[in-house]
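For the record, the sequence lines run as chains P and Z.
The numbering of the first sequence is numbering that gives the first Met the number 0, which starts it at 0 and goes up by one.
The numbering of the second sequence is numbering that gives the first Met the number 0, which starts it at 0 and goes up by one.
Glycine residues also receive a C-beta, built at the ideal position from the N, C-alpha and C atoms.
First up is the structure itself, then whatever we jot down about it.
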Amino acid sequence: MRLDKTELALVGLAVLLLLGGMVAPGWLIFLVTIALAKALVVQGVVMQMKAGLVSFGQGLFYCVGGYAVGMGGPFLGISAGLVLLAIGVVAAVGLAMVLGLLLTRYREIFFAMLSLAFSMILYGVLVKSQELGSTDGFNVNNWTLLGQTIAGGETATHVVFLLTVVAAAVVAFLLHRYYRSSVGMTCEAIRENEVRVEYLGLSPRWIQYANYVAAAGVSALGGGLTALAAGHVDPDMAYWTTSGEFIFIALLGGTGSVLAPFLAAIVFSLVRTYAIEFVPHAWQMILGFTLLGIVVFLPKGLWSLFTRHRPEAPVVPAAPQKTSTGGAGA
Amino acid sequence: MTPILETRGLNKTFGAVTAAKDLNVRINKGEIVGVIGANGAGKTTFINMVTGYLPPTSGEILMDGKAILGLAPRAITRAGLARSFQVAQLFPELTVLDNLVIALAAAESPHPSFLKPLRTKARVAKAEEILAEFKVAAYRDARVTAVPQGSRKLIDIAMAMIGNPKMLLLDEPTSGVSVDEKGDLMDTVMAAVRHHGLTVLFVEHDMDVVRRYVSRILAFYSGEIIADGPPDAVLADERVRELVTGHSDHKPAANAGAREGSSVA
Chain P
0 MRLDKTELAL
10 VGLAVLLLLG
20 GMVAPGWLIF
30 LVTIALAKAL
40 VVQGVVMQMK
50 AGLVSFGQGL
60 FYCVGGYAVG
70 MGGPFLGISA
80 GLVLLAIGVV
90 AAVGLAMVLG
100 LLLTRYREIF
110 FAMLSLAFSM
120 ILYGVLVKSQ
130 ELGSTDGFNV
140 NNWTLLGQTI
150 AGGETATHVV
160 FLLTVVAAAV
170 VAFLLHRYYR
180 SSVGMTCEAI
190 RENEVRVEYL
200 GLSPRWIQYA
210 NYVAAAGVSA
220 LGGGLTALAA
230 GHVDPDMAYW
240 TTSGEFIFIA
250 LLGGTGSVLA
260 PFLAAIVFSL
270 VRTYAIEFVP
280 HAWQMILGFT
290 LLGIVVFLPK
300 GLWSLFTRHR
310 PEAPVVPAAP
320 QKTSTGGAGA
Chain Z
0 MTPILETRGL
10 NKTFGAVTAA
20 KDLNVRINKG
30 EIVGVIGANG
40 AGKTTFINMV
50 TGYLPPTSGE
60 ILMDGKAILG
70 LAPRAITRAG
80 LARSFQVAQL
90 FPELTVLDNL
100 VIALAAAESP
110 HPSFLKPLRT
120 KARVAKAEEI
130 LAEFKVAAYR
140 DARVTAVPQG
150 SRKLIDIAMA
160 MIGNPKMLLL
170 DEPTSGVSVD
180 EKGDLMDTVM
190 AAVRHHGLTV
200 LFVEHDMDVV
210 RRYVSRILAF
220 YSGEIIADGP
230 PDAVLADERV
240 RELVTGHSDH
250 KPAANAGARE
260 GSSVA
């Protein structure tokens with residue numbers, strides 16, 4: 000199997016992170032773990048953005064992934080961490096397969112608001128249900144990895160970090176391949192011109208559906224890892240501000256590379272951490288100015304810093320077919 | 000002989016406006032049919048109904064003798080009826096090569112792969128062959144937004160032809176292209192059409208283009224077909240001259256919308 004530059008960079012970064020994790024302080028490891036886990040949720044947002052849809056409700060699947068980890072112990076008696084993560088992914092995929100039948104009929108603001116509505120419905124159900132933890136949520140029970148009990152403390156922080164780095168690298172690797180695949184490129188084509196995709200003999204709706212379901216699974220994995228790292232889940236995971244945070248990170252990074260959400264999530268975590276540290280009563284304002292600066296100066300996100308000087312493919316000035324240049328295309 | 004495309008009693012109304020009235024059309028294999036008519040005559044409505052974009056109010060549409068009415072546009076495309084558009088329908092932010100490669104992958108299977116790369120050597124080679132055939136190879140790696148209008152039209156038509164359709168519907172292939180460049184564009188398109196042995200129906204306002212390339216003309220007026228036959232006969236028809244081409248010695252009807260000259264845009 001031949002690896003391209005991005006794939007090699009992914010492997011290199013994963014190794015660097017794992018090595019760095021051996022010497023970094025606990026707080027930094029925790030911060031990076033949460034950032035990478037949230038970046039996985041953002042990957043789900045970016046998958047949909049590439050297909051022309053903006054989800055204001057990705058917190059729904061983040062929450063499902065998290066609650067599967069939080070509830071797996073007390074409700075199902077399962078302690079295996081990997082199984083808990085898998086349950087979250089399967090539950091999110093199952094839910095997305097149902098919701099997607101409705102959501103993929105809609106586009107633009109209608110899709111955005113419907114996705115938001117479903118996440119808020121889950122939030123409401125969780126808050127009002129004592130059985131589901133109400134506003135307190137759940138603490139994550141002691142869990143196991145390959146038979147070893149992970150009881151919390153420094154060890155747990157390092158194990159979750161390792162798990163998150165590996166999961167992020169594997170998902171990013173697969174997503175990189177996905178974006179270059181027929182479905183991945185067709186998603187971009189749908190964003191550009193759905194009518195043409197239909198007249199090529201494909202179903203834009205079913206491709207959007209498959210993409211939506213896959214994005215839900217990826218986001219749920221991020222939610223599960225966040226739950227393992229934080230040791231707690233609560234309904235705020237499904238609240239609209241959480242989904243807004245994922246869109247913030249997606250815009251911060253841009254859609255130019257599978258690495259962009261990871262970079263953006265780490266920058267976001269650092270900016271927020273230091274903003275809270277230095278301006279505790281106005282940290283939201285710092286985040287607001289950061290987003291403003293990105294939208295104005297880097298509309299294609301932080302990743303465009305690495306690609307903005309790359310020349311466009313040259314257009315041969317003298318085309319063999321003499322044509323006029325007026326009018327707009329599709 | 001079973002026609003490739005047949006419509007029976009096709010009607011379409013938009014409220015009080017009748018856009019298509021009792022259209023009975025039979026297109027046989029190998030025919031190159033031109034559709035003429037003033038703006039609003041129902042030409043594009045006809046194409047839109049046949050390709051599943053607009054549902055007719057009543058009537059039947061058959062392809063190779065099988066009903067295709069009610070099928071989704073993608074199903075009609077896969078049945079072998081492809082189309083291009085008045086305004087080229089491409090993927091503007093993607094490269095010309097990727098536009099064609101996506102079309103090639105779509106033609107191979109209605110179920111695209113999740114992990115296999117889109118740009119395979121075979122698809123890229125085929126796309127380059129198509130770019131050369133349509134004389135747009137110079138734009139291989141350019142984004143569509145950087146490509147001139149006439150070349151976009153050619154790419155649009157090339158994409159429509161990729162799935163080896165039985166019949167091709169071209170909606171004003173020369174619109175937006177300057178008068179002296181229409182000939183080059185149509186020569187390129189018709190050479191490809193002949194090479195692939197396609198049956199073609201195209202909407203066109205330029206009577207010189209129509210006269211040069213078609214074996215049969217359908218003349219539309221107010222949603223009806225007022226003449227159907229060989230170009231010389233149709234273009235000499237008094238009603239066509241009066242209501243469509245505007246060449247009549249008689250005073251044209253007040254609402255005909257036709258103008259003097261060879262073009263009725």
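Residues of the region 59-75 of chain Z whose Cβ lies closer than 7 Å to any Cβ of chain P, in chain order
The region 59-75 of chain Z vs chain P, Cβ under 7 Å: Pro72 and Arg73.
Locate the alpha helix (DSSP H) running through tyrosine 105(P), then write down its first and last residues.
Following the DSSP letters along the chain, one finds tyrosine 105(P) in no alpha helix (DSSP H), marked with neither H nor E.
On the DSSP letters alone, give me the boundaries of the alpha helix (DSSP H) that phenylalanine 160(P) sits inside.
Per DSSP, phenylalanine 160(P) belongs to the alpha helix (DSSP H) from 152-179.
With a threshold of 16 other CB atoms inside 10 Å of the CB of histidine 204(Z), please say whether the residue is buried or exposed.
With 16 or more Cβ atoms within 10 Å of its Cβ, histidine 204(Z) is classed as buried.
Once DSSP output is grouped into helix, strand and coil, what is the label at proline 316(P)?
Because proline 316(P) sits at a pLDDT of 46, beneath the cut-off of 50, its placement in the model cannot be relied upon, and the following sentence gives the value as read from the coordinates. Coil at proline 316(P), not helix or strand.
Going by C-alpha to C-alpha distance, which of Arg179(P), Gly287(P) and Ile275(P) sits closest to valine 257(P)?
Ranking Arg179(P), Gly287(P) and Ile275(P) by Cα distance to valine 257(P) puts Arg179(P) first.
Figure out for me which residue from Val158(P), Leu94(P), Met236(P) and Leu297(P) has the closest Cα to the Cα of methionine 119(P).
The shortest Cα separation from methionine 119(P) among Val158(P), Leu94(P), Met236(P) and Leu297(P) belongs to Met236(P).
Could you please give me the residues that DSSP links to leucine 9(Z) through a beta bridge?
In the DSSP output, where bridge partners are listed per residue, leucine 9(Z) has Leu22(Z).
By the three-class DSSP mapping on this structure, what secondary structure does lysine 299(P) have?
Note: lysine 299(P) maps to coil in three-state DSSP.
Contact defined as beta carbons within less than 8 Å: I believe leucine 99(Z) pairs with alanine 157(Z). What is the distance between those atoms, to the nearest angstrom?
Contact between leucine 99(Z) and alanine 157(Z) holds: CB atoms are separated by about 7 Å, below the 8 Å threshold.
Looking at the structure shown, is threonine 94(Z) part of a helix, part of a strand, or coil, going by DSSP?
Here threonine 94(Z) sits in strand by DSSP.
Determine the contact status of threonine 241(P) and glycine 123(P), defining contact as a CB-CB distance below 7 Å.
Taking 7 Å as the Cβ cut-off, threonine 241(P) and glycine 123(P) do not qualify as a contacting pair.
Which chain P residues are close to alanine 105(Z), counting only those with a beta carbon under 7 Å from its beta carbon?
Those within 7 Å of alanine 105(Z) in chain P are Leu199, Gly200 and Leu201.
Determine contact between the region 4-13 of chain P and the region 151-168 of chain P, defined as no fewer than three beta-carbon pairs at a distance below 8 Å.
Judged by pairs of C-beta atoms under 8 Å, the region 4-13 of chain P touches the region 151-168 of chain P, as three or more such pairs exist.
Using beta carbons (cut-off 7 Å, strictly below), is lysine 165(Z) in contact with chain P?
Taking Cβ atoms only, chain P never reaches closer than 7 Å to lysine 165(Z), which makes this a no.
With DSSP run on the structure shown, which of helix, strand or coil describes threonine 306(P)?
DSSP, read as helix, strand or coil, puts threonine 306(P) in helix.
Within 7 Å of any Cβ in chain Z, is that where the Cβ of alanine 166(P) sits?
No, alanine 166(P) lies away from the interface with chain Z (no Cβ there is under 7 Å from its Cβ).
Test: serine 112(Z) CB closer than 7 Å to a CB of chain P:
Interface annotation, serine 112(Z): in contact with chain P, CB-CB separation under 7 Å.
With a threshold of 6 Å (Cβ to nearest heavy atom), would alanine 228(P) be considered close to the ligand MN?
Here there are no bound small molecules, and the ligand MN is not part of this structure.
Kindly give me the distance between the Cβ atoms of valine 135(Z) and valine 95(Z), rounded to whole angstroms, as I take these residues to be in contact under 8 Å.
About 7 Å; that satisfies the 8 Å criterion.
Nearest to arginine 82(Z) (by Cα), restricted to the options Gln148(Z), Glu107(Z) and Thr43(Z)
Considering only alpha carbons, the answer is Thr43(Z).
7 Å Cβ cutoff met for valine 212(P) and methionine 46(P)
No Cβ-Cβ contact shorter than 7 Å links valine 212(P) with methionine 46(P).
Given that a residue counts as buried once 16 or more other Cβ atoms are within 10 Å of its Cβ, and exposed if not, what is lysine 11(Z)?
Lysine 11(Z) is buried by the Cβ-count criterion.
Between glycine 69(P) and alanine 226(P), which are expected to be in contact by the criterion C-beta below 8 Å, what is the C-beta distance as a whole number of angstroms?
The beta-carbon separation of glycine 69(P) and alanine 226(P), rounded to 6 Å, stays under the 8 Å limit for a contact.
Same chain only: Cβ atoms within 7 Å of valine 209(Z), ignoring 5 sequence neighbours per side
Gly33, Ile35, Glu203, Ile216 and Pro230.
For chain P, check one thing: does any of its Cβ atoms lie closer than 7 Å to the Cβ of glutamate 92(Z)?
Yes, because at least one Cβ of chain P sits closer than 7 Å to the Cβ of glutamate 92(Z).
Start and end of the beta strand (DSSP E) containing serine 200(Z)?
In the sequence as displayed, the identity of residue 200(Z) is leucine instead of serine. Segment 198-202, the beta strand (DSSP E) holding leucine 200(Z).
Among residues of its own chain, excluding the 5 on either side of phenylalanine 60(P), which ones have a beta-carbon nearer than 6 Å to its beta-carbon?
So the list reads Ala91, Ala215, Ser218 and Ala219, once near-sequence residues are dropped.
By a C-beta neighbour count over all protein chains shown, 10 Å radius and 16 as the cutoff for buried, is serine 268(P) buried or exposed?
Buried, since its Cβ has 16 or more Cβ neighbours within 10 Å.
Could you pull out every unbroken beta strand (DSSP E) segment of at least 3 residues lying fully inside the region 102-178 of chain Z, listed in chain order?
Here the runs fully enclosed are 166-170.
Out of curiosity, what's the CA-to-CA distance linking aspartate 37(Z) and alanine 226(Z)?
The sequence given here has alanine at residue 37(Z), not aspartate. About 14 Å.
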